[in-house]
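Numbering (full-length UniProt numbering), first residue to last: 1 to 402.
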């Protein structure tokens, strides 16, 4: 996201000696994407950011997946996963894998207590806040979050989640970077007039994290790191211990940093007849896109059918997470708030038959859903398998085969 920001103290000229009031040198860290060929920021630490005193294995838990075979649509009731959430559930260690492939993983969890310091060195994270509020402290500073926020965390951003109230979090983890669709951006990176949101809707850190109350000087600091490896999922975990706190940053500037974006600031695009899913797109990663379907006026042709027409996912799997309102196309299917539907490539899907006639003449939809389309087949994680509704696949035929 090429949108310059500066927080705290930075020297007039980059890559030059920058000292504190006692003459001690600050340590400059470049955090950049694609080698030295894309967005970056420069951070200035009071301690050496590479100084580690320990390295241990961190067991990531069950990240195995099961193919969607034989092929069928799926309904997963995510809220059931929270029924037995531990009292110390946090946003990092207690995520349950729902769906995944070699490009993206979708997890779900409940944040009740503060998380450990964490760094995803595999790809960017886009975390949708289904409900709750709190703060994400990062090496760039603090972000506040609330219901309806997307929290975008660039790859290798050290951070921790501090919930002010119980928070349901829907985590989309890429093996790539995640950002606005290219068609929304000018050649210099500015969001264009036809984009459904603009820079003033993106909220980055405004202040650095204060360490006085959270860290004793000289105390070693553990950081959980998820990174690439040779495990069954291709991912492994390490607990690195640092000699100084990663949040000892006195200032930074650049175009790479975490930010939040709330769905209330998204401007839905509508038309005379039903508009296809790409008009609802909000972010993209490598081989996947993120869309949001939000309350909006719908089609204004006098004979329009506002719910989707049946469509075959020729190139993609479609995942819908239903988070608020009353989703018109799924009435009669068993899907409700907290549900996920998986409609895989190779299967033609669309609304329940009764929803088509019922939608004619409707002028407004009160619905909210987050959609992820992937261009590689999705497999089911242990969390998804644990909460599947076995009757969903047969609902278009009016049957309940289990």
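Here a beta-carbon is modelled for each residue, glycine too, at the ideal position from N, C-alpha and C. None of the values given here were measured: they were computed from a predicted structure.
Check                                                                                                                             : Outcome
Endpoints, the beta strand (DSSP E) within which residue 164 is located                                                           : Element bounds for residue 164: n/a, residue is neither H nor E.
Span of the alpha helix (DSSP H) around residue 386                                                                               : 382 to 386
Exposed unless 16 or more other CB atoms sit within 10 angstroms - verdict on residue 280                                         : buried
Counted within 10 angstroms of its Cβ, other Cβ atoms place residue 208 as buried (16 or more) or exposed                         : buried
Enclosing beta strand (DSSP E) for residue 41 [first to last residue]                                                             : 40 to 45
Nearest-angstrom Cα separation, counted from residue 14 out to residue 30                                                         : 10 Å
N- and C-terminal bounds of the beta strand (DSSP E) containing residue 318                                                       : 317 to 325
N- and C-terminal bounds of the alpha helix (DSSP H) containing residue 357                                                       : 353 to 359
Beta-carbon contacts of residue 426 that lie in its chain and below 8 Å, excluding the five residues immediately before and after : Only positions 1 to 402 of the chain appear in this structure, which leaves residue 426 out of reach.
Buried versus exposed, by CB contacts within 10 Å (16 or more), residue 75                                                        : buried
4-residue-minimum alpha helix (DSSP H) runs that sit fully inside the segment 263 to 318, ordered along the chain                 : none
Endpoints, the beta strand (DSSP E) within which residue 252 is located                                                           : 249 to 254
Extent of the continuous beta strand (DSSP E) run through residue 145                                                             : 141 to 145
Backbone secondary structure at residue 199 - three-state DSSP                                                                    : helix
Cross-strand partners of residue 15 (DSSP beta bridge)                                                                            : Answer by DSSP bridge pairing: none, since residue 15 is not bridged.
The segment 278 to 295 / the segment 359 to 378 touching (three or more Cβ pairs under 8 Å)                                       : yes
Separation of residue 164 from residue 334, as counted between CA atoms                                                           : 32 Å
Straight-line Cα distance separating residue 149 from residue 360                                                                 : 32 Å
DSSP state of residue 5 mapped onto helix, strand, coil                                                                           : strand
3 or more residues per run - each beta strand (DSSP E) lying fully within the segment 78 to 159                                   : 96 to 100, 104 to 111, 118 to 120, 125 to 131, 134 to 138, 141 to 145 and 149 to 153
Assigned secondary structure, residue 243 (DSSP; H/G/I helix, E/B strand, else coil)                                              : coil
Rounded separation between residue 44 and residue 248 - CA only                                                                   : 8 Å
Distance, residue 190 Cα to residue 200 Cα                                                                                        : 11 Å
Stretch-stretch touch, CB-based, cutoff 8 Å, three pairs: the segment 348 to 366 with the segment 81 to 93                        : no
Neighbour-count burial assignment, residue 62, 16 or more Cβ in a 10 Å radius                                                     : exposed
Closest residue to residue 239 among 224, 251, 231 and 259 (Cα-Cα distance)                                                       : 224
In DSSP terms, what residue 373 is bridged to                                                                                     : 289 and 318
Nearest to residue 156 (by Cα), restricted to the options 98, 193, 176 and 336                                                    : 176
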